[in-house]
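Enquirer: I'd like to ask you about the structure that follows.
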Amino acid sequence: MWNFTFENLKQQYEEVLTQGYKVLTCKEYCMHKANAQYDRVLVNRVDVDISPKRAEILSDIYSTLGIHATFFIRLHAFEYNAFSFENYRIFKKIRDAGHEVGYHSEIVDQANIWGEDPRDCLVRDIGVINQMLNIKIDGVASHGGITGLNNLDFWKNHKPGDFGLLYEAYDKEPEFNLFQESLYVSD
2 MWNFTFENLK QQYEEVLTQG YKVLTCKEYC MHKANAQYDR VLVNRVDVDI SPKRAEILSD
62 IYSTLGIHAT FFIRLHAFEY NAFSFENYRI FKKIRDAGHE VGYHSEIVDQ ANIWGEDPRD
122 CLVRDIGVIN QMLNIKIDGV ASHGGITGLN NLDFWKNHKP GDFGLLYEAY DKEPEFNLFQ
182 ESLYVSD
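In terms of this note's numbering, the sequence shown opens at residue 2 and continues consecutively.
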């Protein structure tokens, strides 16, 4: 069993860089797929499920190492308020450090709870994050939800491009297909 500390994690990334890996965001991976630019690739994805403060620590580590990540943030988390003074500061800092910010979506849950169309939930939430951080989101990652429904089910009948997106993190289309074509390592 691996003893997790931020220092150990930093050392793991240092080793990856020493081994010649190119660390990419999810958006950069889309560009890489189109051009196959690198032999060794690590796609750096961070789901901000519970703690923006921990995401800030990761952002600082990545900045020290000169690498970036995609940080998927939630808007409807019990665990944090994306608009609190502190979390908004953290998300801006992550953006300003050059990281990609994506949406960690719970649109099937939202639609079920609120009686709304999941497409409307997705478009609204992307717009909110875009407006909040003055960015254009290129990708979403479906989050495991609270209703027992699968938020990935939405993507069975929709494509990311239908919403001006490059990818959904579990997208099986050849332009992305990261989850199926990669070794996935998670905490």
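Note that CB positions come from ideal geometry on N, CA and C, so glycine has one too.
This one's a predicted model, so the numbers in the text were calculated from it and none came from an experiment.
Please classify N9 as buried or exposed, where buried requires at least 16 other C-beta atoms within 10 Å of its C-beta.
Expert: With fewer than 16 other Cβ atoms from the protein chains shown falling within 10 Å of its own Cβ, N9 counts as exposed.
Enquirer: Hey, out of E80, T19, D121, Y14, whose CA is closest to A70's CA?
Expert: Nearest in C-alpha terms to A70, of all of E80, T19, D121, Y14, is Y14.
Enquirer: With distances taken from CA atoms, which of D163, K11, R41, H105 is nearest G21?
Expert: Selected option, being the one with the closest Cα: R41.
Enquirer: Classify Q12: buried if its beta carbon has 16 or more other beta carbons within 10 angstroms, exposed otherwise.
Expert: exposed
Enquirer: Reducing DSSP to helix, strand and coil, say where H33 ends up.
Expert: helix
Enquirer: Can you tell me the Cβ-Cβ gap for D172 and V109, rounded? I've got them flagged as a contact below 8 Å.
Expert: That belief does not hold up - the Cβ atoms of D172 and V109 are roughly 16 Å apart, past 8 Å.
Enquirer: Could you check the C-alpha separation between D61 and F73 for me, to the nearest Å?
Expert: 16 Å
Enquirer: Can you give me the C-alpha to C-alpha distance between V186 and F180, rounded to a whole angstrom?
Expert: 10 Å
Enquirer: Threshold first: 3 residues or longer. Then list the beta strand (DSSP E) segments lying entirely within the segment 59-97, N to C.
Expert: 71-74
Enquirer: When you compare the CB positions of D130 and Y168, do they come within less than 7 Å of one another, or not?
Expert: Residue 130 is actually Ile in this sequence, not Asp. Not a contact, by the Cβ cut-off of 7 Å.
Enquirer: Spatial neighbours of I136 within its chain, please: CB distance less than 8 Å, with the 5 preceding and 5 following residues excluded, ordered by chain position.
Expert: Excluding residues within five positions, the ones whose Cβ falls inside 8 Å are R96, V102, I130.
Enquirer: Have a look at V44 and A112 and give me their C-alpha separation to the nearest angstrom.
Expert: Rounded to the nearest angstrom, the two C-alpha atoms are 30 Å apart.
Enquirer: T26 to E117, Cα distance in whole Å?
Expert: 32 Å
Enquirer: Is the separation between the beta-carbon of L76 and that of D139 shorter than 7 Å?
Expert: For L76 and D139, no; Cβs fall outside 7 Å.
Enquirer: Indicate the three-state DSSP secondary structure (helix, strand or coil) for Y14 in the structure shown.
Expert: Helix.
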